[in-house]
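Q: In the working numbering, the protein residues as written are -6 to 349. Note that beta-carbon positions come from the ideal geometry of N, C-alpha and C, so glycine has one too. To start, I am sharing the structure in question, which I have written as C-alpha cells.
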C-alpha cells in the first residue's frame, strides 16, 4: 500500500529546513549615497579595479570597496571591505566581508599598509627596496622647475548621463644634478565636472558637515592636523570633490588656480609620468628607488607620497605614453536615500581580530 503524503506537508518540511533570512529592522535615516568605479594601472602598481559605495551622514561615514586585481597571480588579494568612521563613538571599523571579521580602532584609524596587504602571508619585503632620497644616495640636486597650471580645455562629454566639461591640472617638477642631468616628473589631473543638481548640493552639504566634524574631532597632534591644519585638510577634500571646491581652497597661487575648476567632478583621472636621467652613477649603486618628493614642499608632495609607496624605479623610453601610475575614478550616481543604520555597523556574527 502506497502512503500518500500531502504536498502541504512536503512544503512545510522544506521550509522548515531552509535558513531563515534575518529581517533588518534598524532605523532608516537620510543618507548621502555616492556610487563609483575606479581603476589603477601603471608601472608602479599592480593593476586593479573596483566598485565603491560611500554612505555619509553628518557624524558617520562608510566607504565600502570591492576590488579585483587583474593578474591571476594576485587574485587571492581581491577584497570586499569597508572602512567606517563613527565620530560620536570616536572609533573606526575595518570590516572584511570575505572573511567575516573586523578591526576596531580609534577615529584616527588602524595602522594598515597597502603593501603589507598585497605581500601575502609569509612574504617579507626586502629592505633594499626601501625608498631613498637624493641625500641618502649621495646625490646633490636642485629644483630647476616647479610649475602648476590649470586649464579649462573647452571639451565636453556626457558621462553616465551627466553633461560634463573638462579641466586639466598639470604639475611639473625638474630636479637637476651636478652634471646638468634632469629627473622630470609630470602629474596631470583630468577633471570632468557637471553643474550641481539638487542631490549633489545635498550630498556636498552632508559631506561638508562630516568633514568639518571629523577635522574638529582630531587632536592638534594628529599627523593630518600637524601637516595640513583643518583648512588644508578641507582643501584636499574639496580638491577631490568631497566638499564644495569654491568654499575650501588652498592658499596662495595654487589655490587661485584651482578655483577656476567649477562644478561637481564626475570623473577624475590622475597620471604620473616620469623621466629619470639625473644621478645615474649614484642610482646604479643602489637597488632601491629614490623618494622624489623629498625636495618638494608644496601640497603636491602629499599627493605623490602615497603613490611613491607603491613604486619601483623604472626608466621609460616613451615616458609620456606609459605613466608610472594611472588612477581613474568615475562617479556613477549621487543621491539622498533612506539607509538603515546597519550599514554603519558590523554584522553580529563577525569575529573581531584587532582592537587598537
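1) Would you kindly check if the distance between the Cβ of residue 15 and the Cβ of residue 29 is under 7 Å?
2) Please classify residue 346: is it buried, with 16 or more other beta-carbons within 10 angstroms of its beta-carbon, or exposed?
3) What does the Cβ neighbour count give for residue 267, buried or exposed, with the cut at 16 atoms within 10 Å?
4) For residue 180, which residues of its own chain have a beta-carbon under 6 Å away from its beta-carbon, when the five flanking residues on both sides are left out?
5) To the nearest angstrom, how far is it from the Cα of residue 342 to the Cα of residue 82?
6) Does DSSP classify residue 253 as helix, strand or coil?
7) From the DSSP output, in three-state form, read off residue 270 for me.
8) Give me the Cα-Cα distance between residue 79 and residue 101, rounded to the nearest whole angstrom.
9) Assuming residue 329 and residue 195 form a contact by the criterion Cβ under 8 Å, report the distance between their Cβ atoms to the nearest whole angstrom.
10) Restricting to Cα atoms, I'd like to know which of 349, 185, 318, 87 is closest to residue 144.
11) Take residue 65 as the anchor and find which of 189, 138, 39 has the nearest alpha-carbon.
12) Does DSSP classify residue 31 as helix, strand or coil?
13) Is residue 146 buried or exposed, if buried means 16 or more other CB atoms sit within 10 Å of its CB?
14) For residue 266 and chain C, any beta-carbon pair shorter than 7 Å?
15) Start and end of the alpha helix (DSSP H) containing residue 347?
16) Quick check on residue 118: does DSSP put it in helix, strand or coil?
17) Pop quiz: residue 94 and residue 344 are said to be a contact at Cβ under 8 Å. What is the actual Cβ separation, rounded to whole angstroms?
18) To which residues of the same chain is residue 358 closer than 7 Å at the C-beta, ignoring the five residues directly before and after it?
19) Quick check on residue 35: buried or exposed, where buried means 16 or more other Cβ atoms within 10 Å of its Cβ?
20) Kindly indicate which three-state DSSP category residue 315 falls into: helix, strand or coil?
A: So, from the listed chains and residues:
1) Going by beta carbons, residue 29 and residue 15 fall outside the 7 Å limit.
2) Exposed, since its Cβ has fewer than 16 Cβ neighbours within 10 Å.
3) It counts as buried.
4) Excluding residues within five positions, the ones whose Cβ falls inside 6 Å are 164, 265.
5) The straight-line gap from Cα to Cα measures roughly 21 Å.
6) Residue 253: coil per DSSP, three-state reduction.
7) Looking at residue 270 - three-state DSSP - the assignment turns out to be coil, as it is neither helix nor strand.
8) Looking at the two C-alpha atoms, the distance is approximately 10 Å.
9) That pair is a contact at about 5 Å.
10) Answer by Cα proximity: 185.
11) Of the listed residues, the one whose Cα sits closest to residue 65 is 39.
12) Under the three-state reduction of DSSP output, residue 31 falls in the strand class.
13) With fewer than 16 other CB atoms across the displayed protein chains lying within 10 angstroms of its CB, residue 146 is exposed.
14) The structure shown contains no chain C; it is built from a single protein chain.
15) Segment 344 to 348 is the beta strand (DSSP E) holding residue 347; no alpha helix (DSSP H) there.
16) Residue placement at residue 118 cannot be trusted, given a pLDDT of 41 that sits under 50; what the coordinates show is reported in the next sentence. Residue 118: coil per DSSP, three-state reduction.
17) Between residue 94 and residue 344 a beta carbon distance of about 5 Å is seen, short of the 8 Å cut, so the two are scored as contacting.
18) Summary: the structure shown does not reach residue 358, with the chain confined to residues -6 through 349, and so no result is reported for it.
19) Residue 35 is buried by the Cβ-count criterion.
20) In the three-state DSSP reduction, residue 315 falls in the coil class, being neither helix nor strand.
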